[in-house]
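Take a look at the structure below.
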Ligand SMILES: [Zn+2]
């Protein structure tokens, strides 16, 4: 019965928009350095999605969007060649009314009430809202957190200096859950111990990228995948984005596609998929 469902409303909003290179969305056979420095085209603006799950145990966000400073402060990205890479990769836009607190308020929710912020990975356009979530515990995979301290973080798209100093990090360790409903995944992390919100390892875009499965009685299951894909249809077709570890992305994509075969109606929701909001709406109808 819906009244016993620990998962209530699930919503999505975008913190501004981002344009990327078409090769980034993929698929492409070109080497990333080639297209990064030669591409002259941008995609149409795409969302920078934040997913909101109203769970009985508290308000949960999956990803927190971009920091407005990244779109208006010319010193946000490092100077020199590395900074150039950031500006070649993506072009963000964000208005003052598109912050996480403003978007939550439009849903009748308060940023102070966010109990958990689950981040798919540590790229700036997924952790930008953390400083606006004063009470949130921030869940990130241990592999992703460890990648911050391995050499040359900026070359891997990380901006450690821009991370919110006061964030309460909680590293996620995946463990065998003995839950046949997660197959082909054999390990995960069950956020509240009720099976409703389960983190799954989907590395490839970054070493520690993870997804969140939402299982609820009031709608189809959902899988929030961060940047594993930029388009759920491309993922379904086995087409990979142009950036990331191809072997690991291919494996994660195959596992997600297998999960979808086993969970009819599973909606795959990506951070920058223009169709994600419509997919969520369809998955939540009746
Ligand atoms: Zn992203």
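Residue numbers (the UniProt record's numbering): 1 to 286. For every residue, glycine included, the Cβ atom is placed at its ideal position computed from N, Cα and C. Note that the structure is predicted; figures quoted are calculated from it, not measured.
* To do: Mind reading off the beta-carbon distance from residue 138 to residue 103? Whole number of angstroms is fine, and I expect it under 8 Å.
  => At roughly 18 Å, the Cβ-Cβ gap does not stay under 8 Å, so residue 138 and residue 103 are not in contact.
* With distances taken Cα to Cα, identify the nearest neighbour of residue 208 among 261, 172, 220, 243. => 172
* Asked: Anyone know if the C-beta pair for residue 55 and residue 243 falls short of 8 Å?
  -> no
* **DSSP-derived helix/strand/coil call for residue 55** => strand
* Run the proximity test for residue 123: is its beta-carbon closer than 7 Å to any non-hydrogen atom belonging to ligand 1? => yes
* Asked: Comparing the CB of residue 271 with every heavy atom of ligand 1, is any distance shorter than 7 Å?
  -> yes
* To do: Would you mind reading off the limits of the alpha helix (DSSP H) that contains residue 32?
  => 32-38
* Taking just the CA atoms, how far does residue 269 sit from residue 184? -> 19 Å
* Decide if residue 87 is buried, meaning its Cβ has at least 16 other Cβ atoms within 10 Å, or exposed. => exposed
* **DSSP three-state assignment for residue 145, whether helix, strand or coil** => helix
* To do: Could you tell me which of 252, 153, 218 sits nearest to residue 203, measuring between CA atoms?
  => 252
* What does a CB cutoff of less than 7 Å around residue 33 pick up in its chain, not counting 5 residues either side in sequence? -> none
* Asked: Do residue 116 and residue 182 have their C-beta atoms within less than 8 Å of each other?
  -> no
* Can you tell which of 9, 46, 213 has the C-alpha that lies nearest to the C-alpha of residue 16? -> 46
* Residue from 166, 151, 9 whose Cα sits closest to the Cα of residue 59 -> 9
* Does the segment 263-277 touch the segment 215-229, meaning 3 or more C-beta pairs lie closer than 8 Å? -> yes
* Sort out for me which residues DSSP pairs residue 197 with in a bridge. => 214
* Could you tell me whether any non-hydrogen atom of ligand 1 is closer than 7 Å to the CB of residue 67? => no
* To do: Please indicate yes or no: does the CB of residue 126 lie closer than 7 Å to some heavy atom of ligand 1?
  => yes
* Residues bridged to residue 189 (per DSSP) -> 199
* To do: Out of 85, 176, 213, state which residue places its alpha-carbon closest to the alpha-carbon of residue 154.
  => 85
* **Distance, residue 274 Cα to residue 140 Cα** => 25 Å
* To do: Let me know the secondary structure DSSP gives residue 279 once reduced to three states.
  => helix
* Asked: How is the alpha helix (DSSP H) around residue 71 delimited, first residue to last?
  -> 69-72
* **Distance between beta carbons of residue 48 and residue 14, contact taken as under 8 Å** => 6 Å
* Asked: Closest by CA to residue 96, which one among 77, 238, 69?
  -> 69
* Asked: Roughly how far, in whole angstroms, is the beta-carbon of residue 196 from the beta-carbon of residue 170, given that I think they are within contact range, below 8 Å?
  -> Their Cβ separation, rounded to whole angstroms, is 18 Å, which puts residue 196 and residue 170 out of contact at 8 Å.
* To do: Under 8 Å by Cβ, that's how I've got residue 64 and residue 50 pegged, so tell me the actual separation to the nearest angstrom.
  => 6 Å
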